[in-house]
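Participant: Have a look at this one before I ask anything.
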Amino acid sequence: MIVPIAITALVHYKFLLGKFSSILGLNVFDRRKSNLNPKYCKTLIYQKEGKSHLDKLVDLVHPVKFVDQIGFLVTEITTWKPNVVVVLDFDQEIFHFFKEKHSMIKNVNTLFVAVCSKFDRILDIEAYDVGFYSLIEENNDYLLFLKLSGLLRRKASDMGNKLVLEDVLSIDPDMHRINIQGVNLHLSKNNFELFQYLAENYGRRLSPDEIAMVINGGKKKKSDGECDCRSYESLTEDA
1113 MIVPIAITAL VHYKFLLGKF SSILGLNVFD RRKSNLNPKY CKTLIYQKEG KSHLDKLVDL
1173 VHPVKFVDQI GFLVTEITTW KPNVVVVLDF DQEIFHFFKE KHSMIKNVNT LFVAVCSKFD
1233 RILDIEAYDV GFYSLIEENN DYLLFLKLSG LLRRKASDMG NKLVLEDVLS IDPDMHRINI
1293 QGVNLHLSKN NFELFQYLAE NYGRRLSPDE IAMVINGGKK KKSDGECDCR SYESLTEDA
């Protein structure tokens, strides 16, 4: 029992450290127009027949709910609005269920994770096809704990670093997605980086060269044909 306790303590320490880092990073944005929105990572776990043995494995920092009927998943997703949904015993039946609900998965800010007893290439492809973020093989409880804890910490960190402007616009850097008054828009990497940069510099006059620099991936062309290869973050700090 010593190893799981030590791992849980380490997970909690890293989670809290990430929270404080997010708080200390508030000066990156204009506080009058934006704020970082740290939250707990609410996790919904589905497993057939109520065999919910993950209550001892999931990081206790995050609120967790268990459901054992697949029909309740949609209700919990739309009402409780979890940040992460973990589907155990992922199989063809569950795949077809989520295929019918594909539009719902696309329009919620939730990370879906599938867990199967043995890795299957077809199931892996099908999980991604219906919008799942990852398929994890349930080798043993210890490895499953490590993988799920890592995903939860990553999602909580992304939520803590999400930019929110006046409760109207939110930007999710992990998914390259923006949300405007409840509508999710998926952008290409270049378009997302430009949009994010414009949002972070809300209210500031930007020069055409500065915008071109962002479009070029942080490389600003000089008159002599050379490139300034510093990132646009460092260039704006020097301005």
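Numbered per my numbering, the sequence shown spans residues 1113 to 1351.
We put the beta carbon where it would ideally sit given N, CA and C, even for glycine.
Because the structure is a prediction, the values reported are computed rather than measured.
#1: Can you give me the start and stop residues for the beta strand (DSSP E) that F1178 sits inside?
#2: So what's H1298 in DSSP terms, helix, strand or just coil?
#3: Between R1316 and N1302, what straight-line distance do the alpha-carbon atoms span, to the nearest angstrom?
#4: What is the DSSP secondary structure of V1220, reduced to helix, strand or coil?
#5: Within 10 angstroms of the Cβ of N1219, are there 16 or more other Cβ atoms? Answer buried if so, exposed if not.
#6: Report, in whole angstroms, the separation of the C-beta atoms of V1223 and V1199, which I expect to be a contact under 8 Å.
#7: So, helix, strand or coil for G1337, using DSSP?
#8: Can you check which of these residues, V1225, I1292, N1251 and E1305, is closest to D1241 by C-alpha distance?
#9: By Cβ distance, which residues of its chain are closer than 8 Å to K1193, with the 5 residues on each side in sequence left out?
#10: With K1156 and I1182 assumed to form a contact (beta carbons below 8 Å), what rounded beta-carbon distance in angstroms separates them?
#11: With a threshold of 16 other CB atoms inside 10 Å of the CB of I1206, please say whether the residue is buried or exposed.
#12: Output yes or no for whether 8 Å exceeds the beta carbon distance between L1306 and V1326.
#13: Whole-angstrom Cβ separation of G1243 and H1214, contact assumed at under 8 Å?
#14: Does DSSP put N1303 in a helix, in a strand, or in coil?
#15: Please state the DSSP three-state secondary structure of V1227.
#16: Using alpha carbons as the reference points, say which of E1238, L1310, F1210 and D1201 lies closest to L1185.
#17: In terms of residue numbering, what span does the beta strand (DSSP E) encompassing Y1158 cover?
#18: So V1326 is in the alpha helix (DSSP H); what residue range does that whole segment cover?
#19: By the three-class DSSP mapping on this structure, what secondary structure does E1250 have?
Facilitator: According to the structure data:
#1: The residue labelled residue 1178 in the question sits at position 66 within the sequence shown. V1176 to V1179 is the extent of the beta strand (DSSP E) around F1178.
#2: The sequence position of residue 1298 within the sequence shown is 186, counting from 1. In the structure shown, H1298 sits in a strand (DSSP, three-state: E or B).
#3: As a working note, residue 1316 is residue 204 in the sequence shown. As a working note, residue 1302 is residue 190 in the sequence shown. In a straight line, the C-alpha of R1316 is about 21 Å away from that of N1302.
#4: The residue you call residue 1220 lines up with position 108 of the sequence shown. Residue state, collapsed to three classes: coil.
#5: Within the sequence shown, the letter at position 107 stands for residue 1219. Around the beta carbon of N1219, a 10 Å sphere encloses fewer than 16 other beta carbons of the protein chains shown; the residue is thus reported as exposed.
#6: Locating residue 1223 in the sequence shown gives position 111, counting from the first residue. Locating residue 1199 in the sequence shown gives position 87, counting from the first residue. Note that residue 1223 is Leu in the sequence shown, not Val. About 12 Å separates the Cβ atoms of L1223 and V1199, ruling out a contact at the 8 Å cut-off.
#7: Position 225 of the sequence shown, counted from the first residue, corresponds to residue 1337. Its pLDDT being 45, under 50, G1337 is placed unreliably in this model, and the coordinates cannot settle the point.
#8: Taking the first residue of the sequence shown as 1, we reach residue 1241 at position 129. Among V1225, I1292, N1251 and E1305, the Cα nearest to that of D1241 belongs to V1225.
#9: Position 81 of the sequence shown, counted from the first residue, corresponds to residue 1193. Cβ-Cβ distances below 8 Å link K1193 to K1154, V1220 and T1222 in the same chain, with the five nearest sequence neighbours on each side left out; the list follows chain order.
#10: Sequence index remark: in the sequence shown, residue 1156 carries index 44 (1-based). Sequence index remark: in the sequence shown, residue 1182 carries index 70 (1-based). Reading off the sequence, residue 1156 comes out as Leu, not Lys. The C-beta distance from L1156 to I1182 rounds to 12 Å, too long to meet the 8 Å contact threshold.
#11: The residue given as residue 1206 occupies position 94 in the sequence shown. Around the C-beta of I1206, 16 or more other C-beta atoms lie within 10 Å, and the residue is accordingly described as buried.
#12: By one-based count along the sequence shown, residue 1306 stands at place 194. By one-based count along the sequence shown, residue 1326 stands at place 214. In contact: L1306 and V1326 (Cβ atoms closer than 8 Å).
#13: Walking along the sequence shown from the start, residue 1243 turns up at place 131. Walking along the sequence shown from the start, residue 1214 turns up at place 102. Between the beta-carbon of G1243 and that of H1214 there is about 6 Å, and that keeps the pair under the 8 Å contact cut.
#14: Residue 1303 sits at position 191 when you count from the first residue of the sequence shown. Looking at N1303 - three-state DSSP - the assignment turns out to be helix.
#15: The sequence position of residue 1227 within the sequence shown is 115, counting from 1. In the three-state scheme derived from DSSP, where H, G and I count as helix and E and B as strand, V1227 is classed as strand.
#16: What you label residue 1185 is simply residue 73 of the sequence shown in a count that begins at 1. Of the listed residues, the one whose Cα sits closest to L1185 is F1210.
#17: Taking the first residue of the sequence shown as 1, we reach residue 1158 at position 46. That run of the beta strand (DSSP E) goes T1155 to Y1158.
#18: Numbered from 1 along the sequence shown, position 214 holds the residue referred to as residue 1326. Taken as a continuous stretch (DSSP letters only), the alpha helix (DSSP H) holding V1326 covers P1320 to I1327.
#19: Residue 1250 sits at position 138 when you count from the first residue of the sequence shown. Residue state, collapsed to three classes: coil.
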